[in-house]
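Protein sequences appear in the order of chains A and B.
Just so we're aligned, residue 1457 is where the first sequence starts under the working numbering, counting upward by one.
Just so we're aligned, residue 1457 is where the second sequence starts under the working numbering, counting upward by one.
Protein chains: 2
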Amino acid sequence: MTNRKEVAKLAGVSEATVSRVLNGIGPMKESTRDRVLEAAKRLNYELNAVASSFARGKSGNLGVVLPYVPKVHLFSTYYFSELLSGIGEAVRSKGYGLLLMFRDPAVAYDYVSLYRTQRVDACIVLGASEIDSEKEGINRLADEGLPFCVMDQRFDNPLVSIVAADHEQGSYEAVRHLLDKGFKRIGFLNGSPQYSNSRDRMTGYGRALRDAGIRLDESIVYEGNYSRTSGRLAAIPVHRDLSRLDAIFVSNDRMAIGLMQGLREQGCRLPEDLKVVAYDDSDAASVTEPPLTTVKVPFYDMGRLAAEKLLTRLMDKESSEAVINERLQTELKIRKSSGD
Amino acid sequence: MTNRKEVAKLAGVSEATVSRVLNGIGPMKESTRDRVLEAAKRLNYELNAVASSFARGKSGNLGVVLPYVPKVHLFSTYYFSELLSGIGEAVRSKGYGLLLMFRDPAVAYDYVSLYRTQRVDACIVLGASEIDSEKEGINRLADEGLPFCVMDQRFDNPLVSIVAADHEQGSYEAVRHLLDKGFKRIGFLNGSPQYSNSRDRMTGYGRALRDAGIRLDESIVYEGNYSRTSGRLAAIPVHRDLSRLDAIFVSNDRMAIGLMQGLREQGCRLPEDLKVVAYDDSDAASVTEPPLTTVKVPFYDMGRLAAEKLLTRLMDKESSEAVINERLQTELKIRKSSGD
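As structure tokens, this is what we get:
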């Protein structure tokens, strides 16, 4: 392998100068920098992506902007932790750093200055929702043509890059599974409609019922906020309606776990008294009693794909697509909570 | 509240100049910059910590360096996700960014150039172990007197800042709980001794037995690697030794969950055939069947404390301590897996 000494010799500079150029340290005559980079290239000197980013005046960082939610340990939720694991893998394999920042969802976030101040070369937006302030921040980013990608949330603007899962189809298959087993009275505990992924689940739920000739009954549709506590609270109306329910579809595992806990506290036997199908296939899904039938979402793959596409675009602007639009498929995992 | 206009007026510059100074954008005469900062200060103009960091030529980022472990979704492990949630909270509340990077544990990581290239102002090292390459990277960092902190791992070097949990005491109390319930033949499934926190658990286990007049029996001490799979594999020797075991202490919840799964597959009834005490009190601990008696570790608080101490040091070098050395207490959570 080529070493720093050989690069220094070919460029006619000291080894220290080679290091300074490749690490972007201190001021440097442009001609010297060019000579070093040229020599490194000719000798196939393995440039660390970060070092070479610095040499080109880039940050070497992929930004990830998360919503700040007081008291929630965001990294400990399966959704964010898996997305970040996937993003982290892509970033690591390309030698980038991952710069995490928090936004207040109620205020339009100034993404653009992250690029201007060279803190990031590209950005992934996690946990975005439909509220005006969020849309405003993202639309500004799209207007500037900067490389970014929104995760798992749709926006009207065709200039917004998106990597998402097909939650309509995932939900359709979840409800279809219950219908196939002969259950007809299927409730739905959904998350907030400010997320397009909640609305997509609702569309899939409605379509599955319609295809089976069943009218959607709004009185057995409940709303939580994707937290375990909100699932536990939903046990009160669900228990009240128990005589009208065969089964319930729940928009994530956390709420399903809270719901099952709450129902059990009120004396329910599960799955005998109510069949449950959840969503995510988080680590906890297979260790609950009964284990959860749930829709597996490839969050890790989604995070990795978004990051890889963005970093590829940074390295090769010409041949890569300008707007990313990917939708990944989910997979139903059948366990005992749905009566199997 | 003071606005940008008033700062611009007092400093005798345009509003755009105020923004450029506070966001560190582009070149700027030093006298102009000083005048803007002085005016902002006099008017108590609320400087965003990051903006002012940039104005001072800092990155505004706290670095977090994680070990790269192929195929492991690091953010999805309770240990890392809770530490990161705590670090994230401190970083967010002080207006910093969190720059995540991965290291190959087999190679001495060049922390020092992260500071030199102004990618970070301070660093937290997660998941460090005792191997030479790791020690070398960290000792170099200590030699340079740069602000950093190692999480939950002890090093001989007194210049290394550490925030850890008291795993010796936590383990002592876990084993003591089993002894108090009359169980005498207590096995131990530990993680790798390359982590000081594994060795500390072993010390606590041994001390609890000794205090009860019981000789430590090496033949019922097992080793895993903190993964669920390694716990499931340990079910083979544990099942073989079952006639010699009343209970087992396991170094984290993941391995305990794997072990219980493996034992059940071999026909064991739990907790009837074997009492289990685990470690961490992760989300999964309370949803397993039986729910896990486990040692709660304040990972979130540890992460937050380390980040707050480092960021405080950055903002006020004079009055803050140079070396951080904190040890937080654990708490035993009693549930059904230990026979209650």
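Even for Gly, the Cβ is constructed at its ideal location relative to N, Cα and C.
Fair warning: this is a prediction, and the values are worked out from it, not measured in the lab.
(Q) Counting only Cβ pairs nearer than 9 Å, list the residues of chain B close to A:Asn1517. (A) Here residue 1517 of chain A refers to the residue found at position 61 when the first sequence is read from its first residue. The contacting residues are Asn1517, Gly1553, Leu1555 and Arg1575.
(Q) Tell me which residues of the segment 1740-1751 of chain B have at least one Cβ-Cβ distance to chain A shorter than 7 Å, keeping chain order. (A) Ala1740, Val1743, Thr1744 and Glu1745
(Q) Looking at chain A, is there any beta carbon in it that lies within less than 8 Å of the beta carbon of B:Ser1508? (A) Indexing the second sequence from 1 puts residue 1508 of chain B at position 52. Unreliable positioning characterises B:Ser1508 in this predicted model, as indicated by a pLDDT of 48, which lies under 50. A coordinate reading is not provided.
Q) A:Gly1441 and B:Met1557: beta carbons closer than 8 Å? A) Summary: the structure shown does not reach residue 1441 of chain A, with chain A confined to residues 1457 through 1796, and so no result is reported for it.
Q | Buried versus exposed call for A:Thr1473 [16 or more other C-beta atoms within 10 Å across all chains shown] | A | Against the first sequence, residue 1473 of chain A aligns to sequence position 17. Answer is buried; the Cβ neighbour count reaches 16.
Q. Is the Cβ-Cβ distance between A:Gln1650 and A:Ser1707 less than 8 Å?
A. The residue given as residue 1650 of chain A occupies position 194 in the first sequence. The residue given as residue 1707 of chain A occupies position 251 in the first sequence. Result no, Cβ atoms of A:Gln1650 and A:Ser1707 do not sit closer than 8 Å.
Q: State the Cα-Cα distance for the pair B:Ser1509 and B:Val1528, rounded to the nearest angstrom.
A: The residue given as residue 1509 of chain B occupies position 53 in the second sequence. The residue given as residue 1528 of chain B occupies position 72 in the second sequence. Annotation note: pLDDT 47 at B:Ser1509 (below 50); position unreliable, no value reported.
Q | 6 Å Cβ shell around A:Glu1538 - same chain, five flanking residues per side excluded | A | Counting from one through the first sequence, the residue named residue 1538 of chain A turns up at place 82. Phe1755 and Tyr1756.
Q | Contacts that A:Glu1538 makes with chain B (C-beta to C-beta distance below 7 Å) | A | Your numbering for residue 1538 of chain A matches position 82 in the first sequence. The contacting residues are His1529 and Ser1532.
Q.
For B:Ser1470, would you say it is in contact with chain A, using Cβ-to-Cβ distances shorter than 8 Å as the test?
A. Start at 1 with the first residue of the second sequence, and residue 1470 of chain B comes out as number 14. For B:Ser1470, the answer is no, since every Cβ of chain A falls outside 8 Å of its Cβ.
Q: Could you tell me whether the Cβ of A:Ile1420 comes closer than 8 Å to any Cβ of chain B?
A: Outside the displayed span of chain A (1457 to 1796) sits residue 1420 of chain A, for which this structure offers no information.
Q.
Give me the subset of the segment 1659-1671 of chain A whose CB atoms are less than 7 Å from a CB atom of chain B, sorted by chain position.
A. none
Q. Bridge partners of B:Tyr1444, per DSSP?
A. The question about residue 1444 of chain B has no answer here: the residues shown for chain B are numbered 1457 through 1796.
Q) In angstroms, rounded to a whole number, what distance separates the CA positions of B:Tyr1535 and B:Leu1597? A) Counted from its first residue, the second sequence places residue 1535 of chain B at position 79. Counted from its first residue, the second sequence places residue 1597 of chain B at position 141. Roughly 24 Å separates the two Cα atoms.
Q. In chain A, what lies closer than 7 Å to B:Arg1548 by C-beta?
A. Residue mapping note: residue 1548 of chain B aligns to position 92 of the second sequence, counting from 1. Chain A residues near B:Arg1548: Tyr1524 and Phe1558.
(Q) Tell me which residues share the same chain as B:Val1506 and place their Cβ nearer than 8 Å to its Cβ, disregarding the 5 neighbours each side in the sequence. (A) Locating residue 1506 of chain B in the second sequence gives position 50, where the first residue counts as 1. Legend: pLDDT at B:Val1506 = 44, less than 50; position of this residue unreliable, value from coordinates given subsequently. So the list reads Gly1516, Gly1551, Tyr1552 and Gly1553, once near-sequence residues are dropped.
Q) Along chain B, in chain order, which residues have C-beta atoms closer than 7 Å to that of A:Ser1541? A) Taking the first residue of the first sequence as 1, we reach residue 1541 of chain A at position 85. Per Cβ cutoff of 7 Å: His1529, Leu1530, Phe1531 and Ser1532.
(Q) Less than 7 Å between C-beta atoms, sequence neighbours within five positions excluded: which residues of the same chain meet that for A:Val1563? (A) Walking along the first sequence from the start, residue 1563 of chain A turns up at place 107. Ser1589.
Q: Show which residues of chain A have a CB atom less than 8 Å away from the CB atom of B:Tyr1756.
A: As a first step, residue 1756 of chain B is located in the second sequence; it is residue number 300 there, counting from the start. Simply His1529.
Q. Taking 7 Å as the line, does the beta carbon of B:Glu1586 fall inside it for any heavy atom of the ligand FAD?
A. For the ligand FAD, the structure offers nothing, since it holds no ligand at all.
Q) What residues match up with B:Asp1736 in a beta bridge as DSSP calls it? A) Translated into the one-based positions of the second sequence, residue 1736 of chain B becomes position 280. B:Lys1752, per the DSSP bridge assignment.
Q. Is B:Pro1693 helix, strand or coil when you go by DSSP?
A. Within the second sequence, numbered from 1, the residue matching residue 1693 of chain B stands at position 237. It is helical.
Q.
Short of 7 Å in beta carbon distance, which residues of its chain neighbour A:Asn1504, apart from the five on each side in sequence? Order them along the chain.
A. Locating residue 1504 of chain A in the first sequence gives position 48, counting from the first residue. Confidence is the limiting factor: at A:Asn1504 the pLDDT is only 48, short of 50, which leaves the residue's position unreliable, though a coordinate-based value still follows. Cβ within range, chain order: Gly1551.
(Q) Let's test the definition: count the other Cβ atoms within 10 Å of the Cβ of A:Ile1618 and tell me whether it reaches 16, buried, or not, exposed. (A) Taking the first residue of the first sequence as 1, we reach residue 1618 of chain A at position 162. By the neighbour-count rule (16 or more Cβ atoms within 10 Å), A:Ile1618 is buried.
Q: Let me know the secondary structure DSSP gives B:Tyr1571 once reduced to three states.
A: Taking the first residue of the second sequence as position 1, residue 1571 of chain B is located at position 115. Helix, per DSSP.
Q) Under 8 Å between C-beta atoms, does B:Gly1544 make it to chain A? A) If you number the second sequence from 1, residue 1544 of chain B lands on position 88. Closer than 8 Å: yes.
Q.
Helix, strand or coil, according to DSSP, for A:Glu1586 in the structure here?
A. Taking the first residue of the first sequence as position 1, residue 1586 of chain A is located at position 130. Of the three classes helix, strand and coil, the one that applies to A:Glu1586 here is coil, per DSSP.
Q | Beta-carbon spacing of A:Ala1740, B:Val1743 below 8 Å | A | One-based indexing of the first sequence puts residue 1740 of chain A at position 284. One-based indexing of the second sequence puts residue 1743 of chain B at position 287. In this structure, B:Val1743 lies closer than 8 Å to A:Ala1740 by Cβ.
**Q.** A:Glu1679, DSSP secondary structure in three states
**A.** Residue mapping note: residue 1679 of chain A aligns to position 223 of the first sequence, counting from 1. Of the three classes helix, strand and coil, the one that applies to A:Glu1679 here is strand, per DSSP.
Q. When you compare each of A:Glu1728, A:Asp1736 and A:Gly1626 to A:Ser1838 by their alpha carbons, which one comes out closest?
A. Because chain A in this structure spans residues 1457 to 1796, residue 1838 of chain A falls outside the shown range and cannot be described.
Q | Nearest-angstrom beta carbon gap, B:Glu1679 and B:Ser1652 [assumed within contact, 8 Å] | A | Sequence index remark: in the second sequence, residue 1652 of chain B carries index 196 (1-based). Sequence index remark: in the second sequence, residue 1679 of chain B carries index 223 (1-based). With 8 Å as the limit, B:Ser1652 and B:Glu1679 do not qualify as a contact, their Cβ atoms being about 16 Å apart.
Q | Straight-line Cα distance separating A:Ala1664 from A:Leu1656 | A | Position 200 of the first sequence, counting from 1, holds the residue named residue 1656 of chain A. Position 208 of the first sequence, counting from 1, holds the residue named residue 1664 of chain A. According to the sequence shown, residue 1656 of chain A is Asp rather than Leu. Rounded to whole angstroms, A:Asp1656 to A:Ala1664 spans 12 Å at the Cα level.
Q: Go ahead and label A:Val1779 buried or exposed: buried means 16 or more other beta carbons lie within 10 angstroms of its beta carbon, across all protein chains shown.
A: The sequence position of residue 1779 of chain A within the first sequence is 323, counting from 1. Under this definition A:Val1779 is an exposed residue.
(Q) Quick check: what's the CA-CA separation for A:Asp1736 versus A:Val1753? (A) One-based indexing of the first sequence puts residue 1736 of chain A at position 280. One-based indexing of the first sequence puts residue 1753 of chain A at position 297. Approximately 5 Å between the Cα atoms of the pair.
Q. Hey, is the segment 1566-1574 of chain B in contact with the segment 1780-1793 of chain B, meaning 3+ C-beta pairs nearer than 8 Å?
A. no
Q.
Tell me which residue opens and which closes the beta strand (DSSP E) that B:Leu1784 is part of.
A. Along the second sequence, read from residue 1 onward, the residue named residue 1784 of chain B stands at position 328. From DSSP, the beta strand (DSSP E) with B:Leu1784 extends over Asn1781 to Leu1784.
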